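Numbering (the working numbering), first residue to last: 482 to 1034.
Set out below in structure tokens:
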């Protein structure tokens, strides 16, 4: 059961935590909620938050409604009595002009920056002395507690990776389901895979994207290192392309997935990460039909202003510059996107038919020399985007100059509102059947053989400690909010129970009055009752859903 610590227990955290406004008040979900709760207590700060919320709504508004939405912002927030910091008249004139000419998504970008700059000054300093910040420290303390296998319930095997099995698991405290990717310690050591495993962990930890699988926890057991990841019950694109009727998708569905992939690659490239292994089996569907990029074992960071070299990837999907072992930055991923769009529409990859038996050297030759062929399945726009992404010369390839902005501007995406897509507002063209099985039955998943002749020793502990670091802040905080735990626990320990010790400038909970024997006896019985009901996993099927029972009072 989750329980917040006394605030006095968070004193070291109060002094050691980095006082960064962007991280504490905007990026971290619980920090964002508590900072907003603090701002609600002051009229001028409340106006700033309402302005930021209005701009967020404007950015995801449908194209035909955006101008009227923007004018409403002007009327509400830019009048003489506006509860905002002073915004230069030049900025306001430019905003109004752009709104009349072409109401783009970034019209209020400069105004938003000014408001955030204001909030990051004196208001942020006042927030750090408030009960809301003390509550945030309590949650950060809870977030940093050790994670073990007992944090989870463990269910059926879903598949296997390079170093071990992937199984379904459930957080005991919240009921949230995840996929647990186990990396066997002896198998890692035998293959000298320590650097690769740690690289994947660090990249997953760094990326926060709804189009890339999210890492929420890392921990270790006696035999394995474990990555706890977003569970994706809808199967992979390879299964859907080749096992659901005629090979391939209709163009609308293919372009929707391509748009989400473009957003995922944009998020990776924002962190200077090149993925290098785009192929259908690495793209997974969730329960609603949205896709995420998975398996970042071959991804790597590119130094600012630098390039890398490496002949890695999957045969038939590697770009010519990768096959030729040339230097590159992000160009292989745009080539991979072209391969995926082609295969989603045509039903096989551009340079190799499905299950075609051909030597690797021949496939590599086709990639370097041959021109892909297009059938009547492709519209002119779909053919055009594939041709531009599958350009042999990486310098001339679509995406090589302006990245994802350039790709997303292609006419094939003219019906995609990317702001609404990124906000998870658009519905996918296909929703997986919750009763269907989109993965192998347990009996069909090959088991790993026992690793012999490899011994673990204390010299391996440094690597294990770098890997098993517990909760990842943003996904963990999202889980607390989405599961209702954040709301429930804050209601159980209201702000009124926090009193200020002026000398220490720290808030301490008021001791609760003692209760009688029978109250404690029956209260314990209530607390021991299960709060959530978990449906059993169907035989050979997907992970069961999690439902809430009414909270016992």
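All C-beta atoms, glycine included, are put in the ideal place defined by N, C-alpha and C. In this text, all values refer to a predicted model and were calculated from it rather than measured experimentally.
- Burial state of residue 482 is exposed, judged by a 10 Å Cβ sphere holding fewer than 16 other Cβ atoms.
- By the Cβ-count criterion, residue 558 is buried, with 16 or more other Cβ atoms from all chains shown falling within 10 Å of its own Cβ.
- Shortest Cα-Cα distance from residue 964 to any of 738, 574, 879, 511 involves 511.
- The beta carbon of residue 829 sits closer than 6 Å to those of 835, all from its chain and outside the five residues before and after it, given in chain order.
- The alpha carbon of residue 529 has as its nearest neighbour, out of 484, 595, 784, the alpha carbon of 595.
- Nearest C-alpha to residue 902 among 607, 593, 691: 691.
- CA-to-CA, the gap between residue 635 and residue 945 works out to about 21 Å.
- In this structure, the straight-line span from the alpha carbon of residue 869 to that of residue 755 is close to 19 Å.
- Around the beta carbon of residue 801, a 10 Å sphere encloses 16 or more other beta carbons of the protein chains shown; the residue is thus reported as buried.
- For residue 739, the enclosing alpha helix (DSSP H) stretches over residues 732-751.
- Setting aside the 5 residues that flank it on each side, residue 647 is surrounded in the same chain by 639, 640, 660, 662, each with a C-beta closer than 6 Å to its C-beta; the list follows chain order.
- DSSP places residue 651 in the strand class (E or B) of the three-state scheme.
- Residue 949 places its beta carbon less than 9 Å from that of residue 628.
- Per DSSP, reduced to three states, the secondary structure at residue 542 is coil, with no helix or strand assignment.
- In the assembly as shown, residue 771 is a buried residue. Its beta-carbon has 16 or more other beta-carbons within 10 Å.
- The three-state secondary structure of residue 916, taken from DSSP, is coil.
- Boundaries of the beta strand (DSSP E) harbouring residue 658: 658-665, taken from the DSSP string.
- Measuring C-alpha to C-alpha distances from residue 567 to each of 542, 769, 597 identifies 597 as the nearest.
- Annotation for residue 693: 745, 748, 749, 773, 774 place their beta carbon closer than 7 Å to its own, counting only its chain and skipping 5 residues before and after.
- Its Cα nearest to that of residue 734, the residue 824 stands out among 658, 824, 884.
- For residue 634, the uninterrupted beta strand (DSSP E) run begins and ends at 633-641, by DSSP.
- With fewer than 16 other CB atoms across the displayed protein chains lying within 10 angstroms of its CB, residue 583 is exposed.
- The residues 732, 735, 736, 822, 826, 893, in chain order, have a CB closer than 8 Å to that of residue 863 in the same chain once the five nearest residues on each side in sequence are set aside.
- Inclusion of residue 913 and residue 689 in the CB contact set at 9 Å is not warranted, their separation being larger than that value.
- Your pair residue 779 and residue 831 does not check out as a contact, with CB atoms roughly 20 Å apart and the cut at 8 Å.
- Looking from the CA of residue 665, the closest CA among 954, 958, 937, 957 belongs to 937.
- Of the candidates 643, 961, 675, 653, the residue whose Cα lies closest to the Cα of residue 940 is 675.
- Contact check for residue 697 and residue 953: beta-carbon distance about 6 Å, within the 8 Å limit, so the pair qualifies.
- Here residue 774 is bridged, per DSSP, to 693, 764.
- The DSSP assignment places complete alpha helix (DSSP H) segments of no fewer than 4 residues inside the segment 765-845 at 801-804, 812-827, in order along the chain.
- Here residue 670 is not near residue 888, since their CB atoms are 9 Å or more apart.
- If you draw a straight line from the Cα of residue 630 to the Cα of residue 650, it is about 10 Å long.
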